[in-house]
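Asker: Before I ask anything, let me first share the structure, which is written out below as structure tokens.
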Amino acid sequence: MPQTSPAPLRALLDAQRAAFLEDGGVPDTLRQARLQRVIDMLVEHHDALCAAMEQDFGGRSRVFSLMNDVLGSLASLKHARDQLPNWTPREPRPSVAPFDSFGATAWVQYQPKGVVGIVGTWNAPLFTLFSPLASVLAAGNRAVLKPSELTPRTAEAVAQAVAAFFAPEELAVVTGGPDVGAEFAAQPWDHLVFTGSTAVGKRVMQAAAENLVPVTLELGGKSPVLLSPGADLRNAAERIAVGKSSNSGQLCVAPDVVWVHESQAQAFVEALDEVWRGLFPTIAGNRDVVPVVNERHFARVESYVADAAERGARVLLVGGWPSAQGTAERRMPLRVVMNPPADSEIARHEIFGPALVLNTFRELPQAVAAINAGERPLALYYFGSDEAEQRWVLEHTLSGGVSINDVCMHPALHDAPFGGIGASGMGRYHGREGFLEFSHARSVYQAGSHDPRREWGMLPPYGEQFEAMLRASVTR
Ligand code: NAD
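First residue of the sequence shown: 522, per this note's numbering; consecutive thereafter.
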């Protein structure tokens with residue numbers, strides 16, 4: 522019977538799995554060498570990668586690409602390289618009584634799962650591939666990466682860089698759009714990492730379920746900022762401006778909705794405007810303003826703002842409007858939309874661009890109740906100095922992570938898990954928790970030198986004495 526050759530993607534997975542099984546254990550030194558090779562690759566190719574990101578975005582500055590994608594990825598990779606010897610040793614565990622008295626021992630050993638698929642996004646096209654890869658390689662796995670098709674030059678540059686440093690059965694890249702993404706999610710990986718939107722994340726999880734593939738879903742959402750009435754408004758405005766302007770709001774943890782006391786809304790907007798104008802004296806042609814990635818996303822953000830305005834929401838312009846509006850430049854100032862109606866586009870969807878919702882409250886718990894009525898966000902931000910209130914906010918909300926008196930900082934914690942909850946995702950990478958995510962925690966029991974069960978009457982035919990012993994063990 523003629524054999525049909527497997528699809529290239531499946532063939533790649535099969536080749537990686539065969540090499541993984543052939544290897545047996547993956548010593549720390551090999552894991553560290555692989556991490557080092559990714560580090561060397563990024564160091565060698567960072568100029569080409571930054572140039573590709575600059576072109577893909579139509580002018581994303583190399584400063585931002587270096588900060589966010591190159592150095593962000595390198596920090597994760599170096600942390601994993603340096604810390605993994607502390608993570609990999611087997612952990613002794615108490616064994617089973619009474620066999621432990623006769624030499625029975627037990628331990629948990631962390632083994633690589635095998636081959637991990639990693640799907641990345643366009644907004645942080647290196648970070649969303651290489652930061653999870655740090656945890657994946659630290660755990661001893663092999664991996665196939667799928668960059669986003671919306672940043673095609675970067676995808677190609679990543680494919681070339683990886684091919685120059687790795688054999689395809691160790692680390693490989695496949696490129697393509699949603700069709701390739703769907704095919705990717707349908708493969709029987711040993712684990713699948715998906716970074717992207719909540720809508721596509723649901724489809725990915727459905728496809729993975731067909732093969733019972735465990736998933737790490739790094740999704741988005743509407744990350745809120747809570748401004749306590751006691752917060753330093755000027756400081757909050759500056760930090761929110763810096764966080765929101767990063768990648769022009771095209772970050773999964775970008776502040777999306779700011780909650781402010783109604784008496785402070787005006788002062789906050791004025792402070793934000795002043796800070797913004799200082800950071801970005803011009804918008805058009807300003808290399809520090811990252812363009813919105815393409816016309817479709819530019820039109821999407823525009824339509825959210827226009828929809829809110831049509832529904833009667835007040836829209837405030839922060840910074841000057843670019844003279845190049847309508848040209849291919851796609852650099853957009855920040856617009857603040859005040860108290861948009863709940864059914865407006867901007868209130869219902871993650872903004873993921875240079876617009877911000879400002880909602881007012883009379884009492885802080887109203888804001889917390891509104892946040893809790895929505896989907897669980899990826900990030901939550903609190904500004905204030907009242908410790909009791911801060912504790913109350915942390916105890917009464919849930920989100921992937923939190924930054925206090927700042928925004929967008931907790932994803933930079935390389936020794937703490939990064940991930941979402943509910944609609945913002947599941948699972949995590951970074952730190953020991955990332956290592957655990959991509960390891961199989963395998964419990965091992967090792968019998969001792971002597972088995973007392975026969976002489977203690979613990980084997981069938983069971984006697985009264987054994988039953989009495991069991992009854993005596995039924996205790997509180
Ligand atoms: P997206 O969901 O449109 O695409 C993400 C990736 O999925 C791309 O590589 C795409 O080709 C692929 N894909 C598309 N259809 C697929 C399918 N059916 N099956 C499998 N893969 C498929 O997201 P995006 O526009 O690239 O990124 C923006 C979203 O990602 C935002 O919601 C943002 O919040 C989120 N995000 C999250 C994180 C995080 O770490 N939590 C980081 C960056 C971005």
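Note that CB positions come from ideal geometry on N, CA and C, so glycine has one too. Quick caveat: nothing in here was measured; it's all calculated off a predicted structure.
What's the call for N607, buried or exposed, on a 16-neighbour Cβ count within 10 Å?
Answerer: exposed
Asker: Please find out if some non-hydrogen atom of ligand 1 comes closer than 7 Å to the beta-carbon of W643.
Answerer: yes
Asker: Sorted by chain position, which residues of the same chain lie with C-beta nearer than 6 Å to S964's C-beta, five sequence neighbours on each side aside?
Answerer: V629
Asker: For Q632, which beta-bridge partners are listed by DSSP?
Answerer: H961
Asker: Where do the ends of the beta strand (DSSP E) carrying F882 lie?
Answerer: 876 to 882
Asker: Does T675 come out as helix, strand or coil in the three-state DSSP assignment?
Answerer: helix
Asker: Does the beta-carbon distance from A786 to L879 come in below 8 Å?
Answerer: Cβ distance < 8 Å, so A786 and L879 count as in contact.
Asker: Measure the CB-CB distance between R997 and S945 and report whether it falls below 8 Å.
Answerer: The Cβ-Cβ distance between R997 and S945 does not fall below 8 Å.
Asker: Label A863 either buried or exposed according to how many other C-beta atoms from any shown protein chain fall within 10 Å of its C-beta, with 16 as the threshold for buried.
Answerer: exposed
Asker: For D711, count neighbouring Cβ atoms within 10 angstroms of its own Cβ and tell me buried if that reaches 16, exposed if not.
Answerer: buried
Asker: Between F956 and S656, how many whole angstroms is the CB-CB distance? I'm expecting something under 8 Å.
Answerer: 6 Å between Cβ atoms; contact.
Asker: By the 10 Å Cβ neighbour count, where 16 or more other Cβ atoms means buried, how is D624 classified, buried or exposed?
Answerer: In the sequence as presented, Asp is not what sits at residue 624; that position holds Gly. That one is exposed.
Asker: Along the beta strand (DSSP E) that carries G940, what are the first and last residues, could you check?
Answerer: G940 -> no beta strand (DSSP E), and no H or E assigned at all.
Asker: Rounded to a whole number of angstroms, what is the C-alpha to C-alpha distance between L838 and A876?
Answerer: Looking at the two C-alpha atoms, the distance is approximately 9 Å.
Asker: Is P875 near ligand 1, going by C-beta to nearest heavy atom under 7 Å?
Answerer: no
Asker: Pull up the distance between the alpha-carbon of A573 and that of V836, whole angstroms please.
Answerer: 35 Å
Asker: Which of the three DSSP states is assigned to F801 in this structure?
Answerer: Secondary structure at F801: coil, using DSSP grouped into helix, strand and coil.
Asker: Please classify S744: does DSSP put it in a helix, a strand, or coil?
Answerer: The answer is coil: DSSP assigns S744 none of H, G, I, E or B.
Asker: Quick check: the stretch 748 to 758 against the stretch 779 to 793, are there 3 or more CB pairs under 8 Å?
Answerer: yes
Asker: Relative to the C-alpha of F651, which residue among M726, I560, L740, E823 is closest?
Answerer: I560
Asker: For H971, is the classification buried or exposed, using 16 other Cβ atoms within 10 angstroms of its Cβ as the cut-off for buried?
Answerer: H971 counts as exposed, since fewer than 16 other beta carbons sit within 10 angstroms of its beta carbon.
Asker: Using a Cβ distance threshold of 8 Å, determine whether the stretch 660 to 676 contacts the stretch 630 to 645, with at least three qualifying pairs required.
Answerer: yes
Asker: To the nearest angstrom, how far is it from the Cα of A894 to the Cα of V746?
Answerer: 15 Å
Asker: Using the beta-carbon count (16 or more within 10 Å), is T550 buried or exposed?
Answerer: exposed
Asker: Are at least three pairs of beta-carbons, each pair with one atom in the stretch 528 to 547 and one in the stretch 701 to 711, less than 8 Å apart?
Answerer: yes
Asker: Identify every residue that forms a DSSP beta bridge with T737.
Answerer: V714
Asker: Tell me whether the beta-carbon of P854 lies closer than 8 Å to the beta-carbon of P843.
Answerer: Their beta carbons are under 8 Å apart, which means P854 touches P843 by this criterion.
Asker: Using the beta-carbon count (16 or more within 10 Å), is L740 buried or exposed?
Answerer: buried
Asker: State the start and end residues of the unbroken alpha helix (DSSP H) segment that holds S586.
Answerer: From DSSP, S586 is part of no alpha helix (DSSP H); its letter is neither H nor E.
Asker: DSSP three-state label for Q524, please.
Answerer: Note that Q524 scores 41 on pLDDT, short of 50, meaning its location in the model is unreliable and no value can be drawn from it.
Asker: With hydrogens ignored, establish whether the beta-carbon of T881 is closer than 7 Å to any heavy atom of ligand 1.
Answerer: no
Asker: Measure the CB-CB distance between L738 and G722 and report whether it falls below 8 Å.
Answerer: yes
Asker: Report the rounded CA-to-CA distance for P548 versus R611, giving the unit in angstroms.
Answerer: Rounded to whole angstroms, P548 to R611 spans 13 Å at the Cα level.
Asker: Between the stretch 589 to 606 and the stretch 662 to 673, do at least 3 Cβ pairs fall closer than 8 Å?
Answerer: no
Asker: Smallest Cα separation from A968: which of L885, A618, V736?
Answerer: A618
Asker: Between C571 and the rest of its own chain, which residues show a CB-CB distance below 6 Å, the 5 nearest in sequence each way excluded?
Answerer: Excluding sequence neighbours, C571 sits near R583, S586.
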